[in-house]
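Count along the sequence shown from 1, then add 34; that gives the number in this note's numbering. In this text, a Cβ means the ideal position worked out from N, Cα and C, and glycines have one as well. See below for the structure under consideration.
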Amino acid sequence: MTKAEENLMAWLRDAHAMEEQAETMLKALAGRTDDYPEIKTLIEKHLGETQRQAKSLQECIQRRGGDTSTLKDVAGKMVAFGQGMSGMFVEDEIIKGAMASYTFEHMEVAAYQVLIAAAEAVGDGRTKAVCEGILQEELAMADDLESHLPGLTGKYLSRLDV
Ligand code: MG
Ligand code: FE
């Protein structure tokens, strides 16, 4: 493997761990959004996308000859980050959760931009196409969260005074 190929493999593994962390966060958040059906729908839709993304990444890793038996261990690296986020689930947890998700989507956008360029650099058109597809889902989720944040905040505040 060239250094570029090694980097691509490492970044695919990191992205897989990131998606597993995303799945954990989205599940936790979905369970706290019963009073906010629009956000719940959005979160649950992206949860499904996230699970498919993790699977697509696993397939990319396998296609490139990588070992996927240790993927679960790598996910541990992201735990600290996730715990930091889950610590935000306090009284205004729905607002903090939405902010954290918005931030997380942008981290994902950055990760896939890097992966697309790396896949292109090593001539792996299939991995590049997969990551381009995922990137569009992350951008759409970031966009959806952005458009829901003001309304969500208004609804959260109005519920405090009843
Ligand atoms: Mg994702
Ligand atoms: Fe995402």
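Which class does residue i belong to by DSSP, given the choice of helix, strand or coil?
i, result
"Arg47", "helix"
"Val133", "Just to set this straight, residue 133 is Met in the shown sequence, not Val. The answer is helix: DSSP assigns Met133 an H, G or I state."
"Met35", "coil"
"Ser90", "helix"
"Val164", "helix"
"Gly188", "helix"
"Gly100", "coil"
"Gly65", "coil"
"Tyr70", "coil"
"Val148", "helix"
"Asp195", "coil"
"Gly159", "helix"
"Asp177", "helix"
Alpha carbon to alpha carbon, what distance is there between residue j and residue i?
i, j, result
"Arg47", "Ala132", "26 Å"
"Leu149", "Val164", "10 Å"
"Lys89", "Thr104", "14 Å"
"Asn41", "Leu91", "15 Å"
"Thr36", "His182", "44 Å"
"Ala176", "Val143", "9 Å"
"Glu53", "Leu194", "33 Å"
"Asp158", "Ala151", "10 Å"
"Leu76", "Trp45", "27 Å"
"Ser192", "Asp126", "13 Å"
"Gly185", "Ala38", "44 Å"
"Glu139", "Val196", "33 Å"
"His50", "Gln170", "17 Å"
"Glu93", "Glu166", "15 Å"
Considering only the beta carbon of each residue, do residue i and residue j sit closer than 8 Å?
i, j, result
"Leu173", "Ser135", "no"
"Ile168", "Tyr146", "yes"
"Ala153", "Thr161", "yes"
"Met43", "Ile95", "yes"
"Thr67", "Ile129", "no"
"Ala62", "Glu78", "no"
Touch test, the region 91-102 against the region 61-71, Cβ-Cβ under 8 Å, three pairs minimum:
Not touching, per the Cβ criterion.
Would you call the region 77-88 and the region 48-57 in contact, with 3 or more CB pairs under 8 Å?
They touch, by the three-pair rule.
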